[in-house]
Structure formats: C-alpha cells, structure tokens
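Under my numbering, read the sequence shown as residues 60 to 426, first letter to last. Step one of this worksheet: look at the structure below.
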Amino acid sequence: MPITYHLDSSARPPSVAPTLDASQREVIDHPGGPLLVLAGPGTGKTTTLVEAVVDRVERRGLRPDQLLVLTFSRKAAEELRDRITGRLSRTCASPMSSTFHSFCYALVRRYQPAELYADPMRLLSAPEQDVLLRELLRHSRESGQAAWPASLHSALGTRGFAREVHAVLSRAREVGLDPDDLTRIGVESDRPAWAAAGAFMREYLQVLDFESSLDYAELVHRAVLLAESADVQRELRGQFGAVFVDEYQDTDPNQVRLLQAIAGDGRDLVVVGDPDQSIYAFRGADVRGILDFPAQFRHADGRPGDVVALGTTRRFGARLLAASRRVAGAIGVRGSIDAATFQRFRNPPSPSPSAPPPTPLPRRRCR
Ligand SMILES: Nc1ncnc2c1ncn2[C@@H]1O[C@H](COP(=O)(O)OP(=O)(O)O)[C@@H](O)[C@H]1O
Ligand SMILES: [Mg+2]
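Here is the structure:
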C-alpha cells in the first residue's frame, strides 16, 4: 500500500513563474537521473527546486503523488509545500513535501509488522529521550550490564552525561552502527567508555521496544532497513517517480542510505544544497554527503551524478557572497565534484544585466 498524504491545494491563484537564469534553466532542463545543485545562500536554490518539481508535473506528465520532496525542519517543509502548491494550478493535488523524520515515521507506521507492535509507535521528543536516558543511566550502575569505567561512575546520574550519551548513541545510529558494532569499536580502539555505551545502547533499545517508542535516530534507522528490504523498496520505487531534497548538506549517512534505497541506481533525484552551510554537524550531518553526491548517486550507466552550480546571488550583493566564498574556500574540499563546477560554485559569475531574460515556464492547468 502506498504511503499516502493528501493536501488540498490552496484556493489562491497560482503564483507567477519566475524568470529563471541560465544555470537555473539548466536544472529544469536536466533530462533526469541524479543531479546536485550547488550554490550559496540566496542564490535561488529552493526556487529552482520548486520549478523542477513543477516541471515534472506540468511538462513531464508525473502526477503530484509520484513526487517526494524532502527537507529537514517542519517549517521548511511547510514553506516548500506552500511554494509548490502556489506554483501548481489550483486544482492539482500537491506532491508530498515532508521532513525526513515525518516521512520515516509514515514509512515505519505503514510497514511495521502488526504482530510486533500492537500499539502505534510513539516518537520521543529530545527532552523525553534525555529523561529516559538519565533514568536508565542511573540504574545502569546497579544493573551492571554496561561496564562503565570507574572514572565515570559519579557522572552516571547527571544531565550532562545523559546528553553526551544521547549524542554518542544518535551518531552511532546515524552511521548505521548496532550496539555490537559500537562495543567492538570501543574494544578495538581501547575506549572502554564506547564499549560500555554499546552495551548500554542495547539496554536502551530494549526499553524503547518494550515501550513501543522510538527516538529520531532509531526512527530513521528503521526506515532505512525497511526501505532497503526488497518488497518495500519495489513499492517505494514504484510509487515515487522523482525525489527532491532541499538543504541536502544537512543529510546524515543514514538519510543518504534512505535516498539510495528510494532513488538510487540512476533514478530521478534532484538535490540542492550548500556545503558551506552545513548546520546540523552536531546532529550527525556529514558535509561529505553533499561533496560525495556524484560518486554516491550515479547514472544507471555508471557515470557520476551531474552537478550544476547556480551563480546569481539575490539576497545580498555579489561582493558579500564572494567574501563568504573566500573564507569558505580555505576549507578546500570538493569530494567527488569536478573541479570546474566546484570552481563555479566558489566563484560565481556576476549576473549579466545584458543577457536576454530566459523564457518563463509555460503554464498548464490540470483538472
Ligand atoms: N530567477 C529568479 N528571478 C527572480 N527572483 C528569484 C529567482 N530565483 C530566486 N529568486 C528570489 O531570490 C530569493 C532567494 O531565493 P531562494 O530560492 O529562497 O534561495 P536559496 O534557497 O538559495 O536560499 C527569493 O526571494 C526568490 O524569490
Ligand atoms: Mg533555500
């Protein structure tokens, strides 16, 4: 059964198509398959993504429910949905625009084995998770399953330690580690605290299961395992003809795996982002995710995914953008992005006022 989401499009008239510049046009005209759009703040990344979504419906004949549009915060997902709905004709249904987390939640709810989870899964908020961790840590000294080093015993009941453990467990899940992996890494690298964290993670996950609860990292982890299972993958790939991700620099390795399951193997996937703006590093986002996109998402024939750099800055002057690029340029990493495109991203050309305005998207009403 497909994951469903229904949004009545708003009653207001569709907004007017922006006049796209040449690099934005290149994104819209991209024939399909994996595409990374790389650009700085205020260069029209989201606008381009919205137009690419609209193009799939109005020119390439996909139904809105065949499109999956993902981003990170709820506010960004709502804004994206409004912008897409505003650009589609009013009688069109809207594509699914969702946060990674709510998409994962829908996936887990849809496919979780009924006999395993009689009650609906409850998603723990971060503060709830901290309270639970603190309680379990306080008991873990007595229960003795997790052999915490003696130097940490006095910290076990503190809020600060619970937060540290929270971070370690989340990072471990985000890179796809199981409790045993964490323990093994701790033993091999002679870090007894990590080995203990692995044992503690097992206890913690058992408690979550017992309570039919999930935390965010576990939610994405389960969604990945589901999406990678053959039947679910076939269904998801059958449902979604094109997938879009805004703020791609904020993906963590598990979210990349999820995208690979749904939109890998050369399928239609458009992601936009700015490696210099990765804000979720504390939450496991890995800037290499965006820099390695071309190698991780290849065309069906094995060619690396395509990359387009947008050039025109619209929110502030070209000088400010150039200055920010110079600072970021010192970082000097480009992953598997080809040198010329990365150079265009770092040193975007100034907009040329004499260039002829590109043609706006033709509008088509759908019933
Ligand atoms: N081709 C365009 N013509 C005119 N305005 C544009 C164009 N592309 C983007 N904009 C405007 O530039 C601003 C920034 O665009 P946005 O897509 O939000 O940028 P980003 O996602 O890169 O931060 C918005 O006000 C948007 O309407
Ligand atoms: Mg944006």
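C-beta: ideal position from N, C-alpha, C; glycine also.
Would you tell me roughly how many angstroms separate the C-alpha atoms of residue i and residue j, rounded to the nearest one?
| i | j | result |
| --- | --- | --- |
| SER157 | VAL128 | 6 angstroms |
| LEU328 | LEU350 | 16 angstroms |
| GLY101 | ARG347 | 22 angstroms |
| SER74 | ALA368 | 26 angstroms |
| SER213 | PRO186 | 22 angstroms |
| PRO179 | LEU273 | 11 angstroms |
| ARG423 | TYR263 | Note that ARG423 scores 45 on pLDDT, short of 50, meaning its location in the model is unreliable; the coordinates nonetheless yield the value given after this. Each residue's alpha carbon lies about 53 angstroms from the other. |
| ARG169 | PHE131 | 21 angstroms |
| ASP309 | LEU317 | 14 angstroms |
| GLY145 | THR105 | 14 angstroms |
| ARG393 | PHE401 | 7 angstroms |
| ASP268 | ALA289 | 24 angstroms |
| THR217 | SER184 | 19 angstroms |
| HIS89 | ARG250 | 48 angstroms |
| ALA172 | LEU236 | The sequence given here has Pro at residue 172, not Ala. Near 22 angstroms, if we compare the C-alpha coordinates of LEU236 and PRO172. |
| ALA399 | ARG261 | 47 angstroms |
| GLY219 | SER248 | 24 angstroms |
| GLY120 | TYR275 | 35 angstroms |
Report the residue from the options whose alpha carbon sits nearest the alpha carbon of residue i.
| i | options | result |
| --- | --- | --- |
| PRO77 | PHE303, SER271, ALA111 and LEU94 | ALA111 |
| PHE404 | PRO363, ASP237 and VAL331 | VAL331 |
| ALA135 | VAL190, PHE269 and PHE159 | PHE159 |
| ASP397 | LEU97, GLY297 and GLN171 | LEU97 |
| ALA81 | GLU270, GLY370, MET260 and GLY145 | GLY370 |
| ARG118 | SER132, THR130 and LEU147 | LEU147 |
| GLY323 | GLN336, GLY297, VAL234 and PRO334 | GLY297 |
| PHE259 | PRO123, ALA301, ARG133 and ARG193 | ARG193 |
| GLY361 | LEU236, PRO334 and ARG326 | ARG326 |
| ARG122 | ASP141, THR106, ALA359 and ALA301 | ALA301 |
| GLY92 | ASN406, THR372 and ALA359 | ALA359 |
| ASP223 | ASP305, HIS89, VAL190 and SER248 | With the sequence shown as reference, residue 223 is identified as Glu, and Asp is not the correct amino acid for it. Selected option, being the one with the closest Cα: VAL190. |
| GLU137 | ASP305, ARG250 and ALA399 | ASP305 |
Are the beta-carbon atoms of residue i and residue j separated by less than 9 angstroms?
| i | j | result |
| --- | --- | --- |
| HIS225 | GLN265 | no |
| SER199 | LEU215 | yes |
| ALA221 | LEU182 | no |
| LEU303 | GLN125 | What sits at residue 303 in the sequence shown is Phe, not Leu. Not closer than 9 angstroms, so no. |
| LEU166 | VAL291 | yes |
| ALA252 | LEU211 | yes |
| CYS163 | ARG293 | no |
| VAL234 | ASP311 | yes |
| GLU270 | ARG232 | no |
| SER336 | GLY103 | At residue 336 the sequence reads Gln, which differs from the Ser that was named. No. Outside cutoff. |
| ARG140 | SER161 | no |
Using a Cβ-Cβ cut-off of 7 angstroms (strictly less than) and excluding sequence neighbours within five positions of residue i, which residues of its own chain qualify?
| i | result |
| --- | --- |
| ILE87 | LEU79, GLU110, ALA111 and ASP114 |
| GLY257 | PRO238, ASP239, LEU241, THR242 and GLY245 |
| PRO363 | PRO353, ALA354, ARG357 and SER395 |
| PRO334 | GLN308, VAL346, ILE349 and LEU350 |
Report all residues from its chain with a CB closer than 6 angstroms to the CB of residue i; omit the five preceding and five following residues, and keep chain order.
| i | result |
| --- | --- |
| TRP207 | ALA255 |
| ASP365 | LEU94 |
| ALA209 | none |
| VAL279 | CYS163 and ASN313 |
| ASN406 | none |
Does DSSP put residue i in a helix, a strand or coil?
| i | result |
| --- | --- |
| LEU182 | strand |
| ASP268 | helix |
| SER156 | strand |
| ARG250 | coil |
| ASP114 | helix |
| VAL227 | helix |
| LEU147 | coil |
| PRO238 | helix |
| PRO93 | strand |
| VAL109 | helix |
| GLY348 | helix |
| LEU301 | Note that residue 301 is Ala in the sequence shown here, rather than Leu. Three-state result, ALA301: strand. |
| THR400 | helix |
| ALA36 | Outside the displayed range of the chain (60 to 426) lies residue 36, so it cannot be described from this structure. |
| GLY332 | strand |
| ASP365 | strand |
| PRO77 | coil |
| LEU121 | coil |
| LEU317 | helix |
If you drop the 5 nearest sequence neighbours on each side, which residues of the same chain put their C-beta closer than 8 angstroms to that of residue i?
| i | result |
| --- | --- |
| TYR307 | LEU95, VAL330, VAL331, GLY332, GLY348, ILE349 and PHE352 |
| ALA320 | VAL283, ALA286, GLU287, GLN292 and LEU295 |
| THR107 | LEU79, GLN83, VAL86, ILE87, VAL96, VAL331 and LEU369 |
Just to be sure I understand the criterion: a residue counts if its Cβ is closer than 7 angstroms to at least one heavy atom of ligand 4. Which residues meet that? Ligand 4 is not part of this structure, which contains only ligand 1 and ligand 2.
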